[in-house]
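Visitor:
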Amino acid sequence: MIWALALTIVILTALGAPIFVALLSGAAVGLLFFPGPPLLALQQTIFGGLDAYALLAVPFFVFAGELMAASGIADRLIALVRALFGRVPGSLGIAALGGSTLIGTICGSSAAAVAAVGRNMYPRLLQGGYGVRRGAGLITSAGAIDIVIPPSIAMILYGAAAEQSIPKLFIAGVVPGLVIATLMGLYISISAWIADLPTEDRFEAREAALAFRRALAALSMPIFVLTGIYTGAFSPTEAGGFACAYAILLGLFIYRSLTLTSILQAATRAAMTTAQIMIVVAAASVIAWMFTVEGVPQALISEAAEAGLSPFGFLLTVNALLLAIGCFLDPTSAILVLAPLLVPIAISLGIDPIHFGVIMTVNLAIGMFTPPFGLNIFVAQSVLGVSAGDIYRGVLPFVAVQVVALAIITLVPALSLWLVETMS
């Protein structure tokens, strides 16, 4: 059954079928043509896979991201980073990176960050001498940080699939996200210095203070949300609802950039995005259930034990596997299908499941801008009007930088677990 299921999924995915169609078709083939659970189980498991309280956080954070884009919050955050870095080599590129990272602390959506930062910064990067490839590659790759920095939709899905604490996963993502941002910032600055790219005006304390004052209300949003989650004042789902309410109040009464029409349009876009995510969640839950019924996780654990696989060897194998899979599958699909298979093996080898969740997320974040099918590449192509070939060449240096960051995060578990242990 498992081979027929896997083969059906691979063939349909290669033919360009939507991932949820490929997953459900594979499950149907397995249930129809091989003895086992009744076909009725397909319907029951589809709806059962969505019956998880943690998943309620997804539409809230998606809606918060849409509200942020509609209310101009992203522009204020980018302006703040530009004001802070002044004449640092690569200051324009660092502003794009910093803006994307700050946006990630609000919505956790990589595609939203690429769209928001791209519209604001790409023309300025071109004017600053970055060129089409360098500018497009920077914006496309910087957005990937947003699924590592909390609140992360990918980590919410991992927590639901692997039955792990979402607040702990959020805490664990803070330092690794900053490590990735720091290494990317260093590369941007050094490469800009070598290329002798022009810098912006020198740092002005008055300008920085003004930019900070304009962005203060926006900066308060992730602080309140994340502090509430970490202190246990409210759950991730309640935090998502708070983020939406805060964004609406901010846009209507502080920035006065939102209207009832724009809120409705943002809600419509969020509903469409949520539906796309949830249909994959439902389809992947069927596959995960069938793997469990067939004893695949237990078989893999036995194989790993018999092979004498060390924790380091397992993580090295997983990194190679996920980097390859991330080029073809979006993080939602990959996490929901692979987490139930890989997490039991990781636990059996003594690997902390929270650390493993960060490793999975970072791997799949890199896949979001890795050719040929990284999701961010298609978003950037649409928003920036740049050819796929230029984006492919532009992102390659950043793929290398983030792979280095992945190696550090994998080899040093304390980067993921220190804050978790400190705040427990």
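If you want the working numbering, it's the position in the sequence shown, counting the first as 1, plus 104.
Glycine residues also receive a C-beta, built at the ideal position from the N, C-alpha and C atoms.
#1: Roughly how far, in whole angstroms, is the beta-carbon of Ala484 from the beta-carbon of Val218, given that I think they are within contact range, below 8 Å?
#2: Return the chain-ordered list of same chain residues with a C-beta closer than 7 Å to the C-beta of Arg237, the five sequence neighbours on each side being excluded.
#3: In this structure, how does DSSP classify Gly345 when only helix, strand and coil are distinguished?
#4: Please classify Trp297 as buried or exposed, where buried requires at least 16 other C-beta atoms within 10 Å of its C-beta.
#5: So, does the region 339-355 touch the region 165-179, judging by three or more C-beta pairs under 8 Å?
#6: Quick check: Ala161 and Ser389, are their CB atoms within less than 9 Å of each other?
#7: Taking the alpha carbon of Leu314 as the point to measure from, which residue in Thr117, Val462, Gly130 and Leu188 has its own alpha carbon closest?
#8: Using alpha carbons as the reference points, say which of Thr514, Gly345, Pro254 and Pro475 lies closest to Ile455.
#9: Report all residues from its chain with a CB closer than 7 Å to the CB of Tyr157; omit the five preceding and five following residues, and keep chain order.
#10: What three-state label does DSSP hand Phe338 in the structure shown?
#11: Below 9 Å between beta carbons: does that hold for Leu479 and Val283?
#12: Put Gln58 into one of helix, strand or coil per three-state DSSP.
#13: To the nearest angstrom, how far is it from the Cα of Gly203 to the Cα of Ala438?
#14: Looking only at C-alpha atoms, which of Leu159, Met464, Phe482 and Leu230 sits nearest to Leu446?
#15: Please report the residue range of the alpha helix (DSSP H) in which Ala121 lies.
#16: For a quick check, are the C-beta atoms of Gly271 and Val462 less than 9 Å apart?
#17: Since Ile251 and Asn224 are thought to touch, with beta carbons under 8 Å apart, how far apart are those beta carbons, to the nearest angstrom?
#18: Determine contact between the region 227-247 and the region 194-203, defined as no fewer than three beta-carbon pairs at a distance below 8 Å.
#19: Are Leu184 and Leu154 closer than 9 Å when you measure CB to CB?
#20: Confirm, please, whether the CB-CB distance from Ile115 to Ala93 is below 9 Å.
#21: Alpha carbon to alpha carbon, how far is Thr363 from Pro255? Give it in angstroms, no decimals.
#22: Tell me the rounded alpha-carbon separation between Tyr262 and Leu413.
#23: Whose C-alpha, out of His459, Ala509, Val490 and Ala347, is nearest the C-alpha of Gly208?
#24: Apart from the five residues on each side of it in sequence, which residues of its chain come closer than 6 Å, Cβ to Cβ, to Met288?
#25: Do you know offhand how far Val221's Cα is from Ser245's?
#26: If you run the structure through DSSP and keep just helix, strand and coil, what is Tyr226?
#27: Apply the 10 Å Cβ neighbour rule to Arg186 and answer buried if 16 or more other Cβ atoms are within range, or exposed otherwise.
#28: Indicate the three-state DSSP secondary structure (helix, strand or coil) for Val64 in the structure shown.
#29: Hey, could you find the ends of the alpha helix (DSSP H) Ser452 is sitting in?
#30: Is Glu267 helix, strand or coil by DSSP?
#31: What distance in whole Å lies between the Cβ atoms of Val516 and Ile275, which are believed to be in contact at a cut-off of 8 Å?
#32: Thinking just about the alpha-carbon of each residue, which of Ala509, Val466, Gly489 and Pro415 is nearest to the one in Ile243?
#33: In its own chain, which residues sit with a C-beta less than 7 Å from the C-beta of Ser129, not counting the 5 before and 5 after it?
#34: Give the range of the alpha helix (DSSP H) segment to which Pro415 is assigned.
#35: Would you check if the distance between the CB atom of Leu159 and the CB atom of Met394 is smaller than 9 Å?
#36: Could you please give the first and the last residue of the uninterrupted alpha helix (DSSP H) stretch that includes Arg497?
Guide: Quick look at the numbers:
#1: Here the question's residue 484 lines up with position 380 in the sequence shown. Here the question's residue 218 lines up with position 114 in the sequence shown. That pair is a contact at about 5 Å.
#2: For the purposes of this step, residue 237 is taken as the residue at position 133 of the sequence shown. Counting only Cβ-Cβ distances below 7 Å, and skipping sequence neighbours, we find Asp494, Arg497 and Gly498.
#3: On the sequence shown, position 241 is the one that residue 345 refers to. Note: Gly345 maps to helix in three-state DSSP.
#4: As a working note, residue 297 is residue 193 in the sequence shown. Classification of Trp297: exposed, given that the 10 Å Cβ count is below 16.
#5: yes
#6: The sequence position of residue 161 within the sequence shown is 57, counting from 1. The sequence position of residue 389 within the sequence shown is 285, counting from 1. The Cβ atoms of Ala161 and Ser389 do not sit closer than 9 Å to each other.
#7: Numbered from its first residue, the sequence shown carries residue 314 at position 210. Each of Thr117, Val462, Gly130 and Leu188 was checked against the Cα of Leu314, and the nearest Cα belongs to Leu188.
#8: By one-based count along the sequence shown, residue 455 stands at place 351. Measuring from the Cα of Ile455, the nearest candidate turns out to be Thr514.
#9: Taking the sequence shown and counting its residues from 1, the one referred to as residue 157 is at position 53. Around Tyr157: Thr341.
#10: Within the sequence shown, the letter at position 234 stands for residue 338. It is coil, neither helix nor strand.
#11: Stepping through the sequence shown from its first residue, residue 479 is reached at position 375. Stepping through the sequence shown from its first residue, residue 283 is reached at position 179. Taking 9 Å as the Cβ cut-off, Leu479 and Val283 do not qualify as a contacting pair.
#12: For residue 58 there is no data in the structure shown, the boundaries of the chain being 105 and 528.
#13: Counting from one through the sequence shown, the residue named residue 203 turns up at place 99. Counting from one through the sequence shown, the residue named residue 438 turns up at place 334. Their backbone Cα atoms lie some 27 Å apart in a straight line.
#14: In the sequence shown, counting from the first residue as 1, residue 446 sits at position 342. Out of Leu159, Met464, Phe482 and Leu230, Met464 has the C-alpha closest to the C-alpha of Leu446.
#15: Counting from one through the sequence shown, the residue named residue 121 turns up at place 17. First-last for Ala121: undefined, no H or E at that position.
#16: Reading the sequence shown from its first residue, position 167 is the one you call residue 271. Reading the sequence shown from its first residue, position 358 is the one you call residue 462. Checking the displayed sequence, the identity of residue 271 turns out to be Pro instead of Gly. Between Pro271 and Val462, the C-beta gap is not smaller than 9 Å, which leaves the two residues out of contact.
#17: Working through the sequence shown from its first residue, we reach residue 251 at position 147. Working through the sequence shown from its first residue, we reach residue 224 at position 120. In fact, because the Cβ distance is near 20 Å, the residues do not count as touching under 8 Å.
#18: yes
#19: Position 80 of the sequence shown holds residue 184. Position 50 of the sequence shown holds residue 154. Not in contact: Leu184 and Leu154 (Cβ atoms no closer than 9 Å).
#20: The structure shown does not extend to residue 93, since the chain is modelled only from 105 to 528, so the question has no answer here.
#21: Position 151 of the sequence shown, counting from 1, holds the residue named residue 255. Position 259 of the sequence shown, counting from 1, holds the residue named residue 363. C-alpha separation (whole angstroms): 26 Å.
#22: Position 158 of the sequence shown, counted from the first residue, corresponds to residue 262. Position 309 of the sequence shown, counted from the first residue, corresponds to residue 413. The straight-line gap from Cα to Cα measures roughly 24 Å.
#23: Sequence index remark: in the sequence shown, residue 208 carries index 104 (1-based). Answer by Cα proximity: Ala347.
#24: Walking along the sequence shown from the start, residue 288 turns up at place 184. Here the set comprises Leu201 and Val505.
#25: For the purposes of this step, residue 221 is taken as the residue at position 117 of the sequence shown. For the purposes of this step, residue 245 is taken as the residue at position 141 of the sequence shown. As the crow flies, the alpha-carbon of Val221 is around 11 Å from that of Ser245.
#26: Your numbering for residue 226 matches position 122 in the sequence shown. Looking at Tyr226 - three-state DSSP - the assignment turns out to be helix.
#27: The count along the sequence shown starts at 1 and reaches residue 186 at position 82. Arg186 is buried by the Cβ-count criterion.
#28: Only positions 105 to 528 of the chain appear in this structure, which leaves residue 64 out of reach.
#29: Counting from one through the sequence shown, the residue named residue 452 turns up at place 348. Its alpha helix (DSSP H) spans residues Pro435 to Ser452.
#30: Counting from 1 along the sequence shown, the entry for residue 267 is found at position 163. Assignment of Glu267 by DSSP, reduced to helix, strand and coil, places it in the coil class.
#31: Stepping through the sequence shown from its first residue, residue 275 is reached at position 171. Stepping through the sequence shown from its first residue, residue 516 is reached at position 412. Not confirmed; about 16 Å, so no contact.
#32: Numbered from 1 along the sequence shown, position 139 holds the residue referred to as residue 243. Here the closest residue by C-alpha is Gly489.
#33: Here residue 129 corresponds to residue number 25 of the sequence shown, with the count starting at 1. Residues of the same chain with a CB within less than 7 Å of the CB of Ser129, apart from the 5 flanking positions on each side, are Thr112 and Leu116 in chain order.
#34: In the sequence shown, counting from the first residue as 1, residue 415 sits at position 311. Looking at the DSSP string, the run of the alpha helix (DSSP H) that includes Pro415 is Pro415 to Gly430.
#35: One-based indexing of the sequence shown puts residue 159 at position 55. One-based indexing of the sequence shown puts residue 394 at position 290. The answer is no: Cβ separation not under 9 Å.
#36: Here residue 497 refers to the residue found at position 393 of the sequence shown. Looking at the DSSP string, the run of the alpha helix (DSSP H) that includes Arg497 is Ala492 to Leu515.
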